[in-house]
Each structure stands twice: as C-alpha cells, then as structure tokens.
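With the first letter of the sequence shown counted as 1, position 255 gets the number 246 in the working numbering; the numbers rise by one all the way through. Here a beta-carbon is modelled for each residue, glycine too, at the ideal position from N, C-alpha and C.
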Amino acid sequence: ERKGAFFTPQKWVELSQDYLAKELGENWQDEYTIWDCCAGTGNMEAGLTNKYKVWASTLDQQDVDVMKERIGNGANLLENHVFQFDFLNDSFDKLPEGLRQIVNDPEQRKKLVIYINPPYKEHADAKQVAHSGKNMSGVAKETLVYSKSQSVIGTAARELFAQFLYRIATELPGCVIGQFSKLKSLQAPNFAKFRKVFKGLLSKKCFIVPANTFDNVKGSFPIGFFIWHMTGMDVFTHVAADVYERDGHYVGTKDIYSYDDERSVVYWLRKYHDKKGEEIAYLRMLGTDMQNNRGVFVTNKLSDNDIKECLFTKITRKNVFETCVYYAIRHVIENTWLNDRDQFLYPSDACERDGEFYTDCVVFTVFDNFVQAEHGVNHWIPFTEEEVEARDCFESHFMSDFLKGKVDVDAMTSPLQMELDASSTSGQETASPLRLSREARAVLDAGRELWRYYHRQPKANPNASYYDIRKFFQGVKVDAKGKEKMNATSGDADYNERLAALKSAMKELAAKIQPKVYEYGFLKR
C-alpha cells in the first residue's frame, strides 16, 4: 500500500480479459506471451488459461512467495515463471531465459502482452503533503527509470505508473500493453510531454470504472483499462471508452480527450485581469479540471498561501462579469467520478455575445460565495436597504447598483456593454437594469425573502453576506483539525423554508446554465 499497490477487483480482471480477447482474438492466450511485471500476489493472473504463456514478476520477494504458495494450492501458474524483479531499476539481463529471449527479439515482442495494474503512488502524494507539508520520499524519485525519464517527460515522471509505461514504451517497442491506470496519462496537462513519448495505437476497446471499487481506494475518480499497440507512431488525442458502474452494469460511453491542442479557460480569464482596479472580492483559483473545483471560490479574505502561490485574481467593477462566468461554469455541473478529470477550456466567441448567460452567472455567484462581513466591506448584497427592510445603511451598494445597470460604461472591458442602456453616453451611468432570465429573477426573489427574514432578527448585521446569514442561523462547530465548519441544519423552521426555496431556485438556475457550458466549449461533452 505504501507504494500505491492495490488489489484489482476480480470482476474488472475478468472484464479486462474479455476486452483483450475482443481486441486480439479469442485464442489470444495461446498466441501471445503474457507478462505481468507488477503482479503483486498474482490477482491479475486469475482467469488466464495457458500457464506456459504467462510470466509474473513483482518487487517484493514475500509476494513471490505468496504466489508460489498459491500455485501449490492450485493457481494456474508455473513456479519457474514467477520471480522477483524490480521493473523500475533492474536490467532485463536479470530476466529468466525464456522471457529474456522474447524481450530481446523484435519479432517475438509483437506477440508479447504486458498485462498490468501498475502502482499509482506519486512523489507529490496529497495525503502525505497534508500531514507533513512535504512530498513523499523513497517512492518515485529514487528509481533508475526516474533518472532516465525526468528530463524527457517532466513532472509525469513523479508517478510510478508513468515510469512503468515509459520503460515499456522505450525499451519494449512493438509489444501490446493491457493496463489499468488513472486517466492522467491521457488527459492531464502535466502529462503533455509524456504523451509525445508514449506513442502507441490505442484500441477503441477500452473501459473505465469507479476508482473506489478497487481495494483501499477512496477517491471518486475513474480508473480505465486500455489496450495499446506500441507502434511508436501514434500520439493519443481521443477515445470513447465504455463506462461501467460499480455493480458492473454498462451505462454507455465517455469521450476522453488529451486536450493537447486546446487552451485552458485560464487563458480566456487572463484577458480580463485587472491588477489596478479596486477589488470587490477575490476569485480563488486552483487547477483547470473538475476535480479542483472545490479550490475555486469567491472570498474577501485570502490565506497567506493563496497570496504566496498567486492562487487568485482580483474581482473589480471592470471584470465582475467574466470572473462570475468563470466561477459559475466551475460549479453549476456536479463533480462525479466520471467527469472528475474533465478539463475546462477556452470558450468560443459566441459566449461573449450572450448577455443572458453572463447575467445568469453573476446571479449564481452572488448566492454562492464565501464573502464575509468580518473580513471587510461586503460588496455582494444584491438588494437595497428598503427591499429587505434593513435596520441600518449598507456600507456598499455595488451589487444592487450593478444589477440595476448603474455602471460606468467606460470602466467595463466586457463585450456585455450591450447589456447597458444603448442610449447612455460614454462615461455616464445608466439606470437601465440588466436583462435577467426568469430563473435569475426567481433566485433574486427567493434571496430577498431570506434577507428580509434575517433582518427581522434583533442582532442582524446590516452588512451581512449570504455566508453570514447561513452562519447566523445554522451555527458552527470546530472539527478535529481545529477548523470552523458550519452546521448542516438550523432549528429555525422559517429560515429552513426560505433557504430551501433559495436552493431550489439556484438549482434551476444552474440547470439553465449547464447546457451553455458545453455549447460554448468550456467543457467537451
């Protein structure tokens, strides 16, 4: 487990062998030699029928001993085909004679199947960093393959499964690979160099399954089984993989893209960075894929690490439209195990001509942020004092003025100047409200009722944000790590009713925005 080795569920082992038979022919086990070079205790070898054509090696001698014990109890393997071998460090000269002959012969390699579920441990292990603040030592960076590959494939070399694939591609050309792995090698931006080296023809016969069906894997992401013909000619761009749910039920296909010829959504947002304008909040950013959406939020207080690592951009009156679009497209679609690795991309120009889309995203962001009055002026109150019967004046009327169209036209960089009153002259304000969709108006109406109810409370803060209102009614608790966490519910039934109405309206607004996320190319279907 320390090195990321997890048992492959038997149902996925059987399914992978079915896919190999579809790709290589029903008699593939008699026609091909099979080598599992990270066999562990031989779980992947269950179901293989021709023991004379199967070789199994693994890193630790105790696992070899377990496999040999299993042979004594009926496992269909030859004892002298099971051996200890460190694939990421040892020379092929150490291989048993029969396998070494195949590995060294280009013609025989064409009939060699490397059948593996390689370890997934990486140098920058998330749990390790969280606990110690340091990357994991003694795992990825100490191998011979790492020293050979790091300058060629970059940061991808920090992951053990990538090292296995790199050595196979560079030292066993012409073979066939049947491998389980995460989708990083196909999709992640930091694997772009790896894909230029790992040139093979990917079979259309492939599938993906939930990672947490594997022993001891808790993450919600896909693991795939892929068959490669290592021709040294093809660079991966796209495949439609079959999808199986955790119960083994087939549910359709999922398009997987490399994104190597695509620009990420960050390049679009950079056009609207405003370093000089007065901030009305900060957009905290992390990554460009679905799995990092939790690290994308709107706040008026950054952590020291956010500032140090430059994980933010300022939201100002000049870029409020675009930053809200960026935030909304990252959050209106639920993150699932199936879309976890999907990348957000540079959109088409059509999105910048869709004023309703932009205003929908603004309203969504207004009611889904972490702005707090205790951290500074709250510029995100979408109502006037009169609308919510506040007990005192607000410190800022920016957002209510913004939604009413009271914006300095020259201050806007957005193509959505068309949303402002066309009769206004340069540098003047207009009192013409932004055009709001039915769904956006429903959110504002539900939000107004929540704000009104809050401001009836004796200790209501006039400048309270949406987060502050929820915290007021729901309260907080401190978790085991000493972090403050808001309670999930409140004992105030009237509050719960109003909050539920707002969340229901927000859900409808998110559903309206979702199709345009795909239509404008922020995500590929």
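Quick one: what does DSSP say residue i is sitting in, helix, strand or coil?
{"i": "Leu156", "result": "helix"}
{"i": "Arg275", "result": "strand"}
{"i": "Pro201", "result": "strand"}
{"i": "Gln363", "result": "coil"}
{"i": "Glu269", "result": "coil"}
{"i": "Asp412", "result": "Model confidence at Asp412 stands at a pLDDT of 41, short of 50, so the residue's coordinates are unreliable; what they give is reported in the following sentence. Asp412: coil per DSSP, three-state reduction."}
{"i": "Trp46", "result": "strand"}
{"i": "Ala66", "result": "coil"}
{"i": "Gly89", "result": "helix"}
{"i": "Glu162", "result": "helix"}
{"i": "Ile517", "result": "This structure cannot speak to residue 517, because the chain is shown only from -8 to 516."}
Starting from the C-beta of residue i, find all residues in its chain whose C-beta is less than 8 Å away, skip the five residues before and the five after it, and write them out in chain order.
{"i": "Glu253", "result": "Gln334, Leu336, Tyr337"}
{"i": "Thr244", "result": "Ala231, Ala232, Asp233, Val234"}
{"i": "His388", "result": "Ile372, Thr375"}
{"i": "Pro87", "result": "Trp46, Asn71, His72, Phe74"}
{"i": "Asn478", "result": "Gln465, Gly466, Val467, Lys468"}
For residue i, I'd like the list of residues in its chain whose CB is within less than 6 Å of its CB, leaving aside the five on either flank, ordered along the chain.
{"i": "Tyr486", "result": "Phe464"}
{"i": "Phe182", "result": "Ala147, Lys175, Ser176"}
{"i": "Glu440", "result": "Arg489"}
{"i": "Gly286", "result": "Leu277"}
{"i": "Tyr250", "result": "Gln334"}
{"i": "Glu236", "result": "Val242"}
{"i": "Ser7", "result": "Phe216"}
Look at residue i and residue j and say whether their C-beta atoms are less than 9 Å apart.
{"i": "Asn34", "j": "Asp21", "result": "no"}
{"i": "Leu174", "j": "Gly239", "result": "no"}
{"i": "Leu293", "j": "Arg275", "result": "yes"}
{"i": "Ile107", "j": "Cys28", "result": "yes"}
{"i": "Tyr263", "j": "Val289", "result": "no"}
{"i": "Phe78", "j": "Asn95", "result": "no"}
{"i": "Leu500", "j": "Val508", "result": "no"}
{"i": "Asn67", "j": "Leu90", "result": "no"}
{"i": "Ala202", "j": "Gly210", "result": "yes"}
{"i": "Leu193", "j": "Phe217", "result": "yes"}
{"i": "Ala160", "j": "Phe198", "result": "no"}
{"i": "Ala451", "j": "Tyr458", "result": "no"}
{"i": "Thr24", "j": "Lys44", "result": "yes"}
{"i": "Ile517", "j": "Glu270", "result": "Because residue 517 is not part of the residues shown, which for the chain are -8 to 516, the question remains open."}
{"i": "Ser255", "j": "Tyr511", "result": "no"}
Among the residues of its own chain, which have a CB less than 7 Å from the CB of residue i, if the five just before and after it don't count?
{"i": "Pro0", "result": "Thr204, Phe205"}
{"i": "Val136", "result": "Leu79, Gln154, Tyr157, Arg158"}
Could you check if residue i belongs to the surroundings of the ligand HEM, using beta carbon to heavy atom distance under 8 Å?
{"i": "Leu193", "result": "As far as ligands go, the structure on display features none, and thus does not contain the ligand HEM."}
- [ ] Could you tell me whether the region 349 to 359 touches the region 310 to 328, where touching means 3 or more Cβ pairs closer than 8 Å?
- [x] Verdict: yes, contact present.
Open item on the list: So, does the region 474 to 489 touch the region 228 to 241, judging by three or more C-beta pairs under 8 Å?
Closed with: Segments in contact, no.
- [ ] Count the C-beta pairs between the region 70 to 79 and the region 5 to 21 that are closer than 8 Å, then say yes if the count reaches three, no if not.
- [x] The region 70 to 79 is not in contact with the region 5 to 21.
Open item on the list: If contact is defined by three or more beta carbon pairs under 8 Å, each pair taking one atom from either stretch, is the region 427 to 444 in contact with the region 361 to 369?
Closed with: Contact check between the region 361 to 369 and the region 427 to 444: fewer than three CB pairs, one atom from each, fall below 8 Å, which does not count as touching.
Open item on the list: Contact between the region 96 to 110 and the region 150 to 168 is defined here as three or more beta-carbon pairs at a separation below 8 Å; is this criterion met?
Closed with: Flag = yes, the region 96 to 110 and the region 150 to 168 touch.
Task: beta strand (DSSP E) runs wholly inside the region 435 to 481, at least 3 long, in chain order - done: The qualifying runs are 467 to 469, 475 to 477.
- [ ] Could you name each continuous alpha helix (DSSP H) segment of 4 residues or more that falls completely within the region 11 to 56, going from the start of the chain to the end?
- [x] DSSP runs (the alpha helix (DSSP H)) wholly in the region 11 to 56: 19 to 22.
TODO: Can you check the region 210 to 249 for any alpha helix (DSSP H) of at least 4 residues that lies completely inside it and give the ranges in chain order?
DONE: For the region 210 to 249, not a single whole alpha helix (DSSP H) run of length 4 or above is found.
TODO: Output the residue ranges of the alpha helix (DSSP H) runs that lie fully inside the region 278 to 336 and measure 4 residues or longer, sorted by chain position.
DONE: Counting only runs of at least 4 residues, the region 278 to 336 fully encloses the following alpha helix (DSSP H) elements, listed from N- to C-terminal order: 295 to 299, 311 to 322.
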